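Some notes on the structure that comes next.
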Amino acid sequence: MIRNQWYVILESREVKQGTLLSVRRMGRDLVLWRDTKGTVECMSDHCIHRGVALSAGKVKGDCVECPFHGLQYDGRGRVTVIPANGKDAPVPATFQGEAFVVREAHGYVYLWWGEPREEYPELPFIPGLDDTRLTYGTWRDPWNAFYTRAIENQLDVVHLPFIHYNTIGAGNRTIVNGPVARLDGNILRVWVDNEKDHGQTPRRPDEMPVPERDAQLTFVFPNLWQNNLGPNARISAAFVCVDEQHSILYLRFYRRFGRLPVVRQLFDLLTGLADITIAHQDRRVVQTQRPFVSSLNGGEKLIQGDLPIVLYRRRREQLQKEAQAPTA
Ligand code: FES
Ligand SMILES: [Fe+2]
């Protein structure tokens, strides 16, 4: 993982008032709940007393209560009461569990993966996707792959006529011109220009004209992506890391249509099924990639068409280095 980043880890609606949610994210077992104001809280799913999973306990006011001996933790991971010592007894300062900073926006729960700090950077999101005229449905799709492999697959413009030969890659456009790929801070944009092979040589990225249209693919570090299908429709994905061998794709189909609710529901259902079908064409193949964790110098023999993946890996490595560098 890249440290010191906000990662989408869940959809907001998955964290319900009054219940504990146990999930595995970034290789850690976590428990999430909402306090009495509805604010999402998150801790390591581990009681510091005798190692029980806190998610087997319950929400008590703003706190989570361990099922074994009733220790209660607030959202900062501090034990507020040790019942066996008496409800008014002071709690030693060392009784501190591990809490994580979480925030909610855009219908997602974000987790800060890094050192706590006074001020946090803005939550990342796809530019323009917060347009209130766009509505969306979400599909949750588990993959047996590290999240970077799933991201790279969605930046891969070479695979379309092979994996998706009978869906979005129909037409046998195997020649990959460019592609044009631009990195602007933490945003990577990709324009696709594939065509049929008539014996021509693909154009190099520096021979490609600067596209005036919006990029088809947009990726925002560390784990958000969009496929722009036009002004009224976009597919987005949050690539959520479970651990080194598992991830969950939160696929959303955004659209802007003032249609009757029943037509809209049917439309959502059909597009959702189409998205999942296409994602499963990818998933079947990506799950076989080894090693699970991809890297810039991982020994793969890359080709010109892999430019977006190279830029992704380069930026990822740069961010990892920056996160390790001692702060002044
Ligand atoms: S193990 Fe949690 S209170 Fe004892
Ligand atoms: Fe694909």
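Under this note's numbering, the sequence shown has 61 at position 66, and the numbering climbs by one with no breaks. Note that the Cβ used here is the ideal one computed from N, Cα and C, for glycine as well. Treat the numbers as computed from the prediction; the structure is a model and nothing was measured.
### Query
Are the stretch 197 to 209 and the stretch 152 to 172 in contact at 8 Å, needing three or more beta carbon pairs?
Contact holds: three or more Cβ-Cβ distances are below 8 Å.
### Task
Under 7 Å from any heavy atom of ligand 1, by CB: list those residues in chain order, please.
Look at which beta carbons fall closer than 7 Å to any heavy atom of ligand 1; those residues are Cys42, His44, Arg45, Gly46, Val47, Cys61, Phe63, His64, Gly65, Leu66.
### Message
So for Leu129, helix, strand or coil by DSSP?
### Response
Looking at Leu129 - three-state DSSP - the assignment turns out to be coil, as it is neither helix nor strand.
### Query
Would Ser17 be called buried (16 or more neighbouring beta carbons within 10 Å of its own) or exposed?
With fewer than 16 other Cβ atoms within 10 Å, it is exposed.
### Task
Go through the stretch 181 to 268 residue by residue and report every complete run of the beta strand (DSSP E) that reaches 3 residues or more, in order.
Correct list: 182 to 190, 212 to 215, 219 to 223, 228 to 238, 241 to 250.
### Query
Excluding the five sequence neighbours on either side, which residues of its own chain have a C-beta within less than 7 Å of the C-beta of Arg259, listed in chain order?
Scanning its chain for C-beta atoms nearer than 7 Å, with the 5 sequence neighbours on each side dropped, one finds around Arg259 the residues Phe252, in chain order.
### Query
Who are Ser39's beta bridge partners in DSSP?
Residue pairing by DSSP places Ser39 opposite Leu25 in a beta bridge.
### Query
What residues are listed by DSSP as bridge partners for Cys58?
In the DSSP assignment, Cys58 forms a beta bridge with Lys55.
### Message
Considering only heavy atoms of ligand 2, does any lie closer than 7 Å to the CB of Asp270?
### Response
Not so, every heavy atom of ligand 2 lies at least 7 Å from the Cβ.
### Task
Return the CA-CA distance between Asp192 and Thr127, expressed in angstroms with no decimal places.
Roughly 42 Å between the two C-alpha positions.
### Task
Please say whether Asp40 and Val54 have beta carbons closer to each other than 8 Å?
Not a contact, by the Cβ cut-off of 8 Å.
### Message
Here's a check: name, in chain order, each residue in its chain whose Cβ is nearer than 7 Å to the Cβ of Ile121, leaving out the five neighbours to either side.
### Response
Once the five neighbours on either side are set aside, the close Cβ partners of Ile121 are Thr213, Val215, Leu219, Gln221, Ser231.
### Query
Pick from Ile158, Pro78, Cys37: whose alpha carbon is nearest that of Ser7?
Nearest of Ile158, Pro78, Cys37 to Ser7, Cα basis: Cys37.
### Message
For ligand 2, I want to know if Asn148 counts as a neighbour, meaning its beta carbon is within less than 7 Å of at least one of the ligand's heavy atoms.
### Response
Asn148: yes, Cβ under 7 Å from ligand 2.
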